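Here is the structure we will look at, set down as structure tokens.
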Amino acid sequence: MNRPTLFILAHAGGSAPVYQRVLGGLAERFSVAPLELAGHGCRLAEDLNASLEDMLRDLVALVGRSAAPPTDGQGYFIFGHSLGGLLGFLLADALSSVAAWGPPEHLLVSSACAPGLHRVKPGLLQLSDADLWRASADYFGSVHEEATVSEELRLLFAPILRADLAAVENYRPPAFAPLRSRLTLLYAEDDIVGLEDLERWAPFCSETPRVEKRPGGHFHPLTHPAGLEKLILDLADDSTSRRDFSSNGSFR
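Last residue of the sequence shown: 1229 (our numbering), numbering continuous.
What follows is the structure, given as structure tokens:
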């Protein structure tokens, strides 16, 4: 049986393959496809996208280059963290209207507010590059301590972080029809995104979202990946059971 594709999207200023490496156990169950934004990571030489709309167009094109549409009812999954969670929803919404793709089997949104309800700290984008990086690390937490203390790395990554945060802050979402996918929402004990933020995702999905609280802070997928791997694998098994049940005419 062909493995379903799992698309991965990273946080603001981040790189999707980092999540692929940390969640390496998922490769046994999925064909893992990290979706790297232009100007990030392995696409560092490309121009950054100035808006979420531009990012979404880039991602839709990247999906076409990264994976084949699902066949034999296999479905596909999306996992996105922080900015990646918001982009994951936008991507799922866009692919839902593409006949070859349709909505994802499961969308996992990690530590992300619903469209238009961003958590960019006021005044953050008015700071210098050095101060922006330090203030962001204080606000969101940091998994890259070397970048916090290294001027060279700050000069490299701060413009990427600034562009991503500006795209979120300037985003004005359209009206969305509820996504016809199962939705799991993740947050952490010491997260800037709380349960009350996740409750506001309810109108964006046709089914009641599942909510999971994780250990750690805002970057819990990178600092506490083991339990997250198991959760995603369990969700995949559940989706397979649902499909098998449906194929016998007994589900939905």
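In this text, a Cβ means the ideal position worked out from N, Cα and C, and glycines have one as well. Remember, it's a predicted structure, so these values are computed and weren't measured experimentally.
Collapsed DSSP secondary structure at residue i in the structure displayed
i, result
"Glu1013", "coil"
"Ser1008", "strand"
"Gly973", "Residue 973 is absent from the model: the chain starts at 978 and stops at 1229."
"Leu983", "strand"
"Gly1194", "strand"
"Ile1055", "strand"
"Ala1165", "strand"
"Leu1085", "strand"
"Leu1188", "A quick correction: the sequence has Val, not Leu, at residue 1188. Val1188: strand per DSSP, three-state reduction."
"Leu1067", "helix"
"Leu1160", "strand"
"Cys1090", "coil"
7 Å Cβ shell around residue i - same chain, five flanking residues per side excluded
i, result
"Leu1025", "Ala1015, Gly1016, Ile1137, Ala1140"
"Pro1011", "Ile985, Ala993, Pro994, Tyr996, Gln997"
"Ala1091", "Arg1177, Trp1178, Phe1181"
"Glu1146", "His1095, Val1097, Leu1102"
"Gly990", "Phe1134, Ile1137, Leu1138, Asp1141"
"Ala987", "Ala993, Val995, Tyr996, His1058, Gly1061"
Buried versus exposed, by CB contacts within 10 Å (16 or more), residue i
i, result
"Ala1165", "buried"
"Gly1061", "buried"
"Thr982", "buried"
"Cys1019", "exposed"
"Ser1087", "buried"
"Ser1059", "buried"
"Pro1202", "buried"
"Arg1191", "buried"
"Glu1013", "buried"
"Ser1105", "exposed"
"Glu1023", "exposed"
"Arg1131", "buried"
"Leu1172", "exposed"
"Glu1005", "exposed"
Cutoff 8 Å; reference residue i; Cβ partners in own chain excluding five residues on either side
i, result
"Glu1128", "Ala1107"
"Thr1156", "One point to set straight first is that residue 1156 is Leu, not Thr, in the sequence displayed. So the qualifying residues of the chain are Phe1066, Ala1069, Asp1070, Ser1073, Pro1080, Leu1084, Phe1181, Cys1182, Ser1183."
"Asp1174", "Cys1090, Ala1091, Leu1094, Arg1096, Tyr1164"
"Arg1187", "Arg1159, Leu1160, Thr1161, Leu1162"
"Tyr1116", "Lys1098, Leu1101, Ile1169"
"Leu1109", "Leu1101, Leu1102, Ala1135, Leu1138, Arg1139"
8 Å contact criterion, which residue i and residue j should meet: CB distance rounded
i, j, result
"Leu1003", "Glu1189", "Rounded, the Cβ-Cβ distance is 16 Å, inconsistent with contact."
"Asp1167", "Gly1193", "7 Å"
"Ala1213", "Phe1054", "7 Å"
"Arg980", "Phe1007", "6 Å"
"Gly1050", "Ser1216", "Their Cβ separation, rounded to whole angstroms, is 10 Å, which puts Gly1050 and Ser1216 out of contact at 8 Å."
"Ala1144", "Ser1028", "5 Å"
Contacting residues, own chain, Cβ-Cβ under 6 Å from residue i (five flanking each side not counted)
i, result
"Ala1045", "none"
"Ile1169", "Arg1096, His1195"
"Val1037", "Ala1071"
Chain C within 8 Å of residue i, Cβ atoms only
i, result
"Asp1168", "Absent from the structure is chain C; it holds one protein chain and no more."
Practice item. Pair every Cβ in the region 1099-1114 with every Cβ in the region 1072-1085, then say whether three or more of these pairs are closer than 8 Å. Key: Verdict: no, contact absent.
Exercise for review: Indicate whether the contact test is met: 3 or more Cβ pairs, each with one atom in the region 1022-1037 and one in the region 1179-1197, closer than 8 Å.
Suggested key: In short, these stretches do not touch, since the Cβ pair count stays below three.
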